[in-house]
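*Asks:*
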Amino acid sequence: MNTDMAVAQGATAFSAPLVRASLQARVVWGSRVVTVGGGAPVRIQSMTNTDTVDAVGTAIQVKELANAGSELVRITVNTPEAAQAVPYIREQLDRMGIDVPLVGDFHYNGHRLLTDYPDCAHALSKYRINPGNVGKGDKHDRQFSQMVEIAMRWDKAIRIGVNWGSLDQELLARLMDENSQRARPWDSKQVMYEALLNSAIGSAERAQSLGMAANQIILSCKMSAVQDLIAVYRELAKRSNYPLHLGLTEAGMGTRGTVASTAALSVLLQEGIGDTIRVSLTPAPGEARTQEVLVASEMLQALGLRSFVPSVTACPGCGRTTSTTFQELTQQIDNFLREQMPVWRTTYPGVESLKVAVMGCIVNGPGESKHADIGISLPGTGEAPAAPVFIDGEKRMTLRGNAIATEFQAVVEDYIRKRFGQDQTHASNTVLHD
Ligand code: SF4
Numbered sequence: 002m003n004t005d006m007a008v009a010q011g012a013t014a015f016s017a018p019l020v021r022a023s024l025q026a027r028v029v030w031g032s033r034v035v036t037v038g039g040g041a042p043v044r045i046q047s048m049t050n051t052d053t054v055d056a057v058g059t060a061i062q063v064k065e066l067a068n069a070g071s072e073l074v075r076i077t078v079n080t081p082e083a084a085q086a087v088p089y090i091r092e093q094l095d096r097m098g099i100d101v102p103l104v105g106d107f108h109y110n111g112h113r114l115l116t117d118y119p120d121c122a123h124a125l126s127k128y129r130i131n132p133g134n135v136g137k138g139d140k141h142d143r144q145f146s147q148m149v150e151i152a153m154r155w156d157k158a159i160r161i162g163v164n165w166g167s168l169d170q171e172l173l174a175r176l177m178d179e180n181s182q183r184a185r186p187w188d189s190k191q192v193m194y195e196a197l198l199n200s201a202i203g204s205a206e207r208a209q210s211l212g213m214a215a216n217q218i219i220l221s222c223k224m225s226a227v228q229d230l231i232a233v234y235r236e237l238a239k240r241s242n243y244p245l246h247l248g249l250t251e252a253g254m255g256t257r258g259t260v261a262s263t264a265a266l267s268v269l270l271q272e273g274i275g276d277t278i279r280v281s282l283t284p285a286p287g288e289a290r291t292q293e294v295l296v297a298s299e300m301l302q303a304l305g306l307r308s309f310v311p312s313v314t315a316c317p318g319c320g321r322t323t324s325t326t327f328q329e330l331t332q333q334i335d336n337f338l339r340e341q342m343p344v345w346r347t348t349y350p351g352v353e354s355l356k357v358a359v360m361g362c363i364v365n366g367p368g369e370s371k372h373a374d375i376g377i378s379l380p381g382t383g384e385a386p387a388a389p390v391f392i393d394g395e396k397r398m399t400l401r402g403n404a405i406a407t408e409f410q411a412v413v414e415d416y417i418r419k420r421f422g423q424d425q426t427h428a429s430n431t432v433l434h435d
């Protein structure tokens, strides 16, 4: 269909992100229910990097991740000592009023740990099962079944999390073998993709055959290269309607990890693929683990899929902004809005949709500021030292002097109070000076 035809038939020529129909999983702790898939908002999750045996240290990090916006937090459960610590971690969190559901990450011995430590099985809200790491030969099916049966007994969701670094080697060998019999064999990458999909979907079907509810099965097929991940998830989305956990594994550090994760996940999210995401960043020494949650939330907000904090539009600056005033004001406003959010979330519902613009000069300043709810256009080099402020598209005042940053912050706060507070006298009614 060409564009004219689409418009003529009532469709828009401009497309919004697509929506993939999927089942909806419920990950539950107490009265907290985190829905995944089936039209729920794309959920953010993260993983601790503390030693799970250190129950207090792990509970503190889970709390930090949850406060940063992580809606599910995964912890490693790799030893009997770690399994024993899980109920204590849960208890500490409950005592701190943190009801974020915990996900247990199991490899090799999950069947034994979940059997031997029922308090651990109960304290977790979801189990991650890696079909490539549940045992070899005849043990594979038996141990996989054991984990699924425990999940059913405790009424927990599971994620069948395939990772190409730990792909089921027996399955891969079989598919390679079958491929070699083809008249025109596929290239080895195609076989690898097929093995990942086969492992994930085959394991999910096996879990269902054991009695697991289809909607309580979340799938993932993580890879570390952007194009591989996109190719595999497109196919995974086509072949199944399970909710999908999306993430680029081993994305790396800093800018590289952030960009690679954003590039891969954005393409898929725009196509409606991905019901919960994790950004797997390697923290730089001393960097907060919460950085991965920040990147995930910024990504969803940039795509317009969710809103978490008011957005600050700022120009990049150029030769017209030779002083640092513009950078400082942008940073100050951004920090101010973020710092207030834990309180504002409850006192000013809806404030996360606010749009603020901080612009460096007269070229795009007034125009961009008018598109925001509240915007300021700072004086560029050589311009008169005056900063017009626009509220709801209209110029409402001009700030001058050395206290522009503080005054603008007060104006923003006043606007928020009037627009989003209990007493919603709209900011447009505010009497302002020029
Ligand atoms: S708005 Fe002005 S200062 Fe900012 S990038 Fe454009 S021309 Fe440069």
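Under my numbering, the sequence shown has 52 at position 51, and the numbering climbs by one with no breaks.
The C-beta atom is built at its ideal place from N, Cα and C for all residues, glycine as well.
Quick check: the Cα distance between S370 and I231, rounded to an integer number of angstroms?
*Replies:* As a first step, residue 370 must be located in the sequence shown, where it is residue number 369. As a first step, residue 231 must be located in the sequence shown, where it is residue number 230. If you take the alpha carbons of S370 and I231, they lie about 37 Å apart.
*Asks:* Could you pull the start and end residues of the alpha helix (DSSP H) that K371 belongs to?
*Replies:* Locating residue 371 in the sequence shown gives position 370, where the first residue counts as 1. From DSSP, the alpha helix (DSSP H) with K371 extends over G366 to H372.
*Asks:* Taking 8 Å as the limit between beta carbons, can you name the residues of its chain near Q410, skipping five residues before and five after?
*Replies:* Against the sequence shown, residue 410 aligns to sequence position 409. Same-chain partners within the cutoff: Q333, I334 and F337.
*Asks:* So the candidates are R33, L73, A152 and E179; which of them puts its Cα closest to the Cα of V294?
*Replies:* Along the sequence shown, one-based indexing puts residue 294 at 293. Comparing Cα-Cα distances from V294 to each of R33, L73, A152 and E179, the minimum goes to L73.
*Asks:* Count the other C-beta atoms from every protein chain shown that fall within 10 angstroms of the C-beta of T1, then say buried if there are 16 or more, exposed otherwise.
*Replies:* This structure leaves residue 1 out entirely; the chain is present only between 2 and 435.
*Asks:* With I417 as the anchor, note down where its alpha helix (DSSP H) starts and where it stops.
*Replies:* Residue 417 sits at position 416 when you count from the first residue of the sequence shown. Its alpha helix (DSSP H) spans residues I405 to F421.
*Asks:* Do A447 and I218 have their C-beta atoms closer together than 9 Å?
*Replies:* Residue numbering for the chain in the displayed model covers 2 to 435; residue 447 lies beyond these limits and cannot be assessed.
*Asks:* Between A84, P132, E384 and V352, which lies nearest to C440 when the distance is taken from Cα to Cα?
*Replies:* Outside the displayed range of the chain (2 to 435) lies residue 440, so it cannot be described from this structure.
*Asks:* Taking V390 and T399 to be in contact with their CB atoms under 8 Å, please state how far apart those CB atoms are, rounded to whole angstroms.
*Replies:* Along the sequence shown, read from residue 1 onward, the residue named residue 390 stands at position 389. Along the sequence shown, read from residue 1 onward, the residue named residue 399 stands at position 398. The pair is a contact, with the Cβ atoms about 7 Å apart (cut-off 8 Å).
*Asks:* How would you call L198, buried or exposed, if buried means at least 16 neighbouring beta carbons within 10 angstroms?
*Replies:* Here residue 198 corresponds to residue number 197 of the sequence shown, with the count starting at 1. The residue in question, L198, is buried, as its Cβ has 16 or more Cβ neighbours within 10 Å.
*Asks:* Between which two residues does the alpha helix (DSSP H) harbouring N336 extend?
*Replies:* Mapped onto the sequence shown, residue 336 falls at position 335. Here the alpha helix (DSSP H) through N336 covers T326 to T348.
*Asks:* Could you give the DSSP three-state label for K137: helix, strand or coil?
*Replies:* Along the sequence shown, read from residue 1 onward, the residue named residue 137 stands at position 136. It is coil, neither helix nor strand.
*Asks:* Closest to V37 by CA distance: which of H372, N242 and G383 is it?
*Replies:* The residue labelled residue 37 in the question sits at position 36 within the sequence shown. It is N242.
*Asks:* Can you say whether Q191 is buried or exposed, counting buried as having 16 or more other CB atoms within 10 angstroms of its CB?
*Replies:* The residue labelled residue 191 in the question sits at position 190 within the sequence shown. The residue is exposed, with fewer than 16 neighbouring Cβ atoms inside 10 Å.
*Asks:* Grab me the residues of I202's own chain with a C-beta within less than 7 Å of its C-beta, minus the 5 sequence neighbours each way, in chain order.
*Replies:* By 1-based counting over the sequence shown, the position of residue 202 is 201. Cβ neighbours of I202 beyond the five flanking positions: R240 and S241.
*Asks:* Unbroken alpha helix (DSSP H) runs of length 4 or more, entirely within the segment 192–279: which are they?
*Replies:* Those alpha helix (DSSP H) runs which fall completely within the segment 192–279 and span 4+ residues are 227–240 and 255–271.
*Asks:* Could you please go through the chain and list the residues whose beta-carbon is closer than 6 Å to any non-hydrogen atom of the ligand HEM?
*Replies:* For the structure depicted, the ligand HEM is absent and the ligand set comprises only the ligand SF4.
*Asks:* Check whether the Cβ atoms of L94 and A60 sit closer than 9 Å, and answer yes or no.
*Replies:* Sequence index remark: in the sequence shown, residue 94 carries index 93 (1-based). Sequence index remark: in the sequence shown, residue 60 carries index 59 (1-based). Yes. Within cutoff.
*Asks:* With a threshold of 6 Å on Cβ separation, who are the neighbours of A297 within its own chain once the five nearest residues in sequence on each side are excluded?
*Replies:* For the purposes of this step, residue 297 is identified with residue 296 of the sequence shown, where counting begins at 1. Answer for A297: I45, I278 and V280, listed in chain order.
*Asks:* Just checking, does the segment 249–257 make contact with the segment 303–311 on the three C-beta pairs under 8 Å criterion?
*Replies:* Cβ pair count under 8 Å is below three, so no.
*Asks:* Please work out which residues of its chain come closer than 7 Å, Cβ to Cβ, to W155, disregarding the five sequence neighbours upstream and downstream, and give them in chain order.
*Replies:* Counting from one through the sequence shown, the residue named residue 155 turns up at place 154. The residues are A122 and H123.
*Asks:* Hey, how far is the Cα of D415 from the Cα of G422?
*Replies:* For the purposes of this step, residue 415 is identified with residue 414 of the sequence shown, where counting begins at 1. For the purposes of this step, residue 422 is identified with residue 421 of the sequence shown, where counting begins at 1. Going from the Cα of D415 to the Cα of G422 covers about 10 Å.
*Asks:* So, at 8 Å on beta carbons, what are the nonlocal neighbours of E408 in its own chain, with the 5 sequence-adjacent residues on each side left out?
*Replies:* Looking up residue 408 in the sequence shown gives position 407. Within the same chain, E408 has close Cβ partners L400.
*Asks:* Using a Cβ-Cβ distance cut-off of 9 Å, determine whether T51 contacts chain B.
*Replies:* Although the question refers to chain B, the structure presented lacks it and comprises just one protein chain.
*Asks:* Per DSSP, N164 is paired with what?
*Replies:* On the sequence shown, residue 164 is found 163 positions in, with the first residue counted as 1. BP columns for N164 point to K223.
*Asks:* At the level of alpha carbons, what is the spacing between S204 and W30?
*Replies:* Residue numbering aside, residue 204 sits at position 203 when the sequence shown is read from its first letter. Residue numbering aside, residue 30 sits at position 29 when the sequence shown is read from its first letter. If I take the Cα positions, the gap works out to 25 Å.
*Asks:* Secondary structure at P389, three-state DSSP: helix, strand or coil?
*Replies:* Taking the sequence shown and counting its residues from 1, the one referred to as residue 389 is at position 388. Strand.
*Asks:* Determine, using beta-carbon pairs with one atom in the segment 206–213 and one in the segment 175–184, whether at least three such pairs fall under 8 Å.
*Replies:* Because the criterion of three Cβ pairs below 8 Å is not met, the segment 206–213 and the segment 175–184 do not touch.
*Asks:* Look at the alpha carbon of G105 and the alpha carbon of N403, and state the distance between them as a whole number of angstroms.
*Replies:* Counting from one through the sequence shown, the residue named residue 105 turns up at place 104. Counting from one through the sequence shown, the residue named residue 403 turns up at place 402. For G105 and N403, the distance between alpha carbons rounds to 53 Å.
*Asks:* Measure the beta-carbon distance from P102 to K127 and round it to whole angstroms, keeping in mind my assumption that it falls under 8 Å.
*Replies:* On the sequence shown, position 101 is the one that residue 102 refers to. On the sequence shown, position 126 is the one that residue 127 refers to. Indeed they touch by this definition, with Cβ atoms about 7 Å apart.
*Asks:* Suppose only complete runs of 4+ residues qualify. What are the alpha helix (DSSP H) ranges in the segment 36–112, listed by chain order?
*Replies:* DSSP runs (the alpha helix (DSSP H)) wholly in the segment 36–112: 56–69 and 81–96.
*Asks:* Relative to the C-alpha of M254, which candidate in W165, G287 and P386 has its C-alpha closest?
*Replies:* Locating residue 254 in the sequence shown gives position 253, counting from the first residue. For the residues W165, G287 and P386, the minimum Cα distance to M254 belongs to G287.
*Asks:* Going by DSSP, what residue range makes up the beta strand (DSSP E) through V28?
*Replies:* As a position in the sequence shown, residue 28 is number 27, starting the count at 1. Counting along the chain, the beta strand (DSSP E) containing V28 begins and ends at A26 to W30.
*Asks:* Return the residue from the list E92, V78, M153 and I99 that minimises the CA-CA distance to Y118.
*Replies:* Counting from one through the sequence shown, the residue named residue 118 turns up at place 117. Looking at the Cα atoms, V78 is the closest of the given residues.
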